[in-house]
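As structure tokens, the structure follows; a few thoughts come after it.
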Amino acid sequence: MKFKKHYLSLCTILLTLITLHSPAMAGGIDEAINNALTPISNALVAFVFFKVKVAGVGIPLVVAWLVAGSLFCTVYLQYINVRGFKHALRLIRGDYSDGHGQGEISHFSALCTAVSGTVGIGNIAGIPIAIAMGGPGAIFWMLVAGFLGMSTKFTECTLAVMFRKENSDGSVAGGPMYYLTKGFAKIGKPAMGKALGGFYAFGILFGCLGIGNMFQSNQAYSQFLVVTGGDASFFADKGWLFGLLFSLVVFGVIVGGIKSISNVASRLVPFMAGLYIVTAVVVICINFKFIPAAIAMIIDNAFNGQAIGGGMLGAIVIGFQRAVFSNEAGLGSAAIAHSAVQTKEPVTEGFVAILEPTLDTLIVLAITSLVITTTMVADPLFASNLLGNNLTGMAASSAAFTAHFAFAKYLLAAAGMLFALSTALAWSYYGLNGWSYLFGDHKTGKFIYNILFCVCFALGSSIQLGSLMDISDALVFLICVPNVFGLFLLAPLVKAELNIYWEKIKTGEISPTADGEPVFIKSTCSPAES
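Just so you know, we're using my numbering here: the sequence shown kicks off at 824 and counts up by one.
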């Protein structure tokens, strides 16, 4: 009965807003909001993405900061992204899971939830953009950035479980806002940690309404029109109706909390990733004879390329920028989902998190890259249009797929819609944790947040608030500053926890499942002690 009342409340609010946002009023409202926010968004974007010139190439400081964090975590933890990969696979398989630790979801569900937040439209449309800006060589540096990002994810997600908080209803909450606050208190800097944690919570709360909400709704609507006939579709002038219906689906999932979100994600992610990967692999197989030339083009251009604004350095900058924008390593967002895992050993989720950039960057982006580059080799006109910026983004990816079989655009559109939905579900949980940190863990507050999230999602498909989106995106990347700073200072705690864990594995105190009875020892830095 309560669930029906919640749905009724949401429908009433949405219908009221849609009535107020009629076609006659929409343009004026959107324009007024944009005009009011434009000065703020311009200033914030210029600040967050401030660039310094190096050898004639503009390098965004925020990207350099994220790369510095990835390099530090990789070297300081002695290439845990390589050493821990096999163990990560064993954990995701369930070899070391007893199901009795604190937390709410399994390693696999936590990974699927986090992946659902990172694998999105950008994995399809981002490659052509990177190639257009940085040349084919940018792909090589994207893969390098993904490889380094595995270590960042390990550090973030280990900290997220070490310093997570148990709520009054038995659920858990975690992420950068918690490990900045509690972790800094542990090293004797409580005031700094509290300030940084609060700033992060505000940034993730506001940011989730843009990049993980309104943008996803807008993209889902665009892909839906592709499937249903474009301008001839019944929904062509009814973005508000699509937004209303889709938001009700989203609400039905997120109102159940992380368990509901992870249940959907654990089913949705394998299906949508499989759908996209199979389609892409078919194209690659068709272009099989062009693969050697495509790989040679990528490698050669990575070191001798003619990227816009600076050759090799330009390719490196664009590649790293697109990679961190895709896998979010250093932003700390995915650590919020990973913190809900059921385990007694925080390090185990750090290992599992290594697989996230592997799936997002080293597999999905790599496969997309081969589709685009082999098509470039096979079709010089396509390559010319792509490098000349006459064809970019989703349009370029769609052209590469449909050049081989016409119905691919429908498969691509379906995958895009699923990506948008899964990203929205994951980011709703990220924002909820920011809300709970700032306003407390109360059922009424959580319900208000869920309503707010769904209202924004519904409106996102029918309004154009560019300035609001710019502010949201800027805040999402601004929060990497306190997060990466926290990784630098708290890395010794992670290293100590890792060394203890390895010692337990070595001595047999922690062993893989034997006859259905896995052995686990309580962590030396349990959530209660931290």
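Beta carbons: idealized from backbone N, C-alpha and C, even for Gly.
These numbers were taken from a predicted model, which means no experiment stands behind them.
Own chain partners of residue i with C-beta closer than 7 angstroms, once the 5 adjacent residues on each side are dropped
i     : result
M848  : Residue confidence is low: M848 scores 48 on pLDDT, short of 50, so the model does not pin down where it sits. Its coordinate-derived value is still stated next. Counting only Cβ-Cβ distances below 7 angstroms, and skipping sequence neighbours, we find nothing.
N1110 : T1197, T1198, A1201
L1003 : G1016, L1019, G1020, Y1023, P1305, G1309
L966  : T1184, L1185, A1189
V871  : V885, A1297, F1300, L1301
I1358 : In the structure as shown, the chain starts at 824 and stops at 1353, and residue 1358 therefore has no counterpart that could be examined.
A1138 : G957, G958, G960, A961, W964, N1124, A1125, G1128, A1130
I1103 : Residue 1103 is actually Ala in this sequence, not Ile. Around A1103: I1190, T1191, V1194.
N1041 : G1283, S1284
Chain D within 8 angstroms of residue i, Cβ atoms only
i    : result
Y902 : Of the chains in the structure shown, none is chain D; there is only one protein chain.
Own chain, CB closer than 6 angstroms to residue i, minus 5 neighbours either side, in chain order
i     : result
K988  : A996, Y1001
C980  : A1158, H1161, E1172, G1173, A1176
A1337 : With a pLDDT of 46 at A1337, under the threshold of 50, the modelled position of this residue cannot be trusted, and the question is left open.
Y1272 : L1255, W1258
Y1044 : G1062, F1065, S1284
L1298 : G1026, F1029, G1030
V875  : I882
V984  : S1162, P1169, E1172
Whole-angstrom C-beta distance between residue j and residue i, which should lie under 8 angstroms
i     : j     : result
F1280 : N1036 : 5 angstroms
L775  : L1241 : Outside the shown range of the chain, which is 824 to 1353, sits residue 775, and nothing can be said about it.
K1005 : F986  : 4 angstroms
W964  : A1206 : Rounded, the Cβ-Cβ distance is 20 angstroms, inconsistent with contact.
F931  : I915  : 6 angstroms
I928  : S1056 : That pair is no contact at about 37 angstroms.
Option nearest residue i by Cα separation, candidates the options
i     : options                    : result
L1354 : F1047, G1075, G1080        : Residue coverage of the chain in this structure runs from 824 to 1353, which leaves residue 1354 outside it and unanswerable.
C1303 : N1150, K1232, R906         : N1150
V885  : V1147, N1124, Y1272        : V1147
V1187 : L1255, Q1165, V1101        : V1101
I954  : H1161, H1227, Y1099, F1143 : F1143
A1163 : I1274, R906, S1083, W888   : S1083
A1189 : K876, V942, P883, F908     : V942
K1232 : G1052, P1203, L982         : G1052
F873  : F1311, L1234, L1301        : L1301
L1185 : A911, A866, N946           : N946
I1081 : Y1252, D1060, P883         : Y1252
L1210 : H930, L1312, M956, D1060   : M956
A1116 : A1055, P1203, F1007, A911  : P1203
L982  : G1153, K1266, M1217        : G1153
L1282 : A866, G907, S1070, A1008   : S1070
M1095 : L1234, A866, F1228, Q1042  : L1234
I1077 : G1331, F1311, I1274        : I1274
A968  : H910, W888, G998, R906     : W888
F1311 : G1331, I1118, F1007        : F1007
Neighbourhood of residue i by C-beta distance below 8 angstroms, restricted to the same chain and skipping five residues each side
i     : result
P1335 : R913, D918, Y919, P1341
W1250 : G940, C1031, I1034, G1035, N1036, Q1039, S1156
I1114 : I1107, L1193, T1197
N904  : T897, F970, L971, M973, S974, F977, I1177
N990  : A996, S1259, D1264
D1123 : G960
M1120 : P959, T1196, M1199, V1200
L900  : S974, F977, T978, A1314, V1317, K1318, L1321
G1268 : W1258, S1259, F1262
V1073 : L1244, A1247, L1248, S1251, F1276, C1277, F1280
Subject >> Ranges of the alpha helix (DSSP H) found wholly within the segment 1166-1220, counting only runs of at least 4 >> reply: 1169-1176, 1189-1201, 1203-1210
**OP:** Ignoring anything shorter than 4 residues or poking outside the segment 1016-1081, list the alpha helix (DSSP H) runs there in chain order.
**Re:** 1038-1051, 1062-1077
Subject >> contact_flag[the segment 1240-1258, the segment 948-958] where n(CB pairs < 8 angstroms) is 3 or more >> reply: no
Original post:
What are the start and end residues of each continuous alpha helix (DSSP H) run of 4 or more residues lying completely inside the segment 948-1007, in chain order?
Top reply: 960-985
**OP:** Determine contact between the segment 1250-1262 and the segment 1026-1043, defined as no fewer than three beta-carbon pairs at a distance below 8 angstroms.
**Re:** yes
Original post:
Between the segment 1006-1016 and the segment 1223-1241, are three or more C-beta pairs nearer than 8 angstroms?
Top reply: no
**OP:** Decide if the segment 1078-1091 is in contact with the segment 928-935; the criterion is three or more beta carbon pairs, one per stretch, under 8 angstroms apart.
**Re:** yes
Original post:
When the Cβ atoms of the segment 1165-1180 are set against those of the segment 1315-1324, are three or more pairs found closer than 8 angstroms?
Top reply: yes
Original post:
Any contact of the segment 1208-1224 with the segment 1171-1183, i.e. 3+ C-beta pairs under 8 angstroms?
Top reply: no
Original post:
Taking three-plus beta-carbon pairs below 8 angstroms as touching, is the segment 891-899 in contact with the segment 966-986?
Top reply: yes
**OP:** Would you list, in sequence order, the uninterrupted beta strand (DSSP E) runs of no fewer than 3 residues that lie entirely inside the segment 880-940?
**Re:** 880-883
**OP:** Enumerate, from N- to C-terminal direction, the unbroken alpha helix (DSSP H) stretches of 4 or more residues contained entirely within the segment 1241-1327.
**Re:** 1266-1283, 1289-1301
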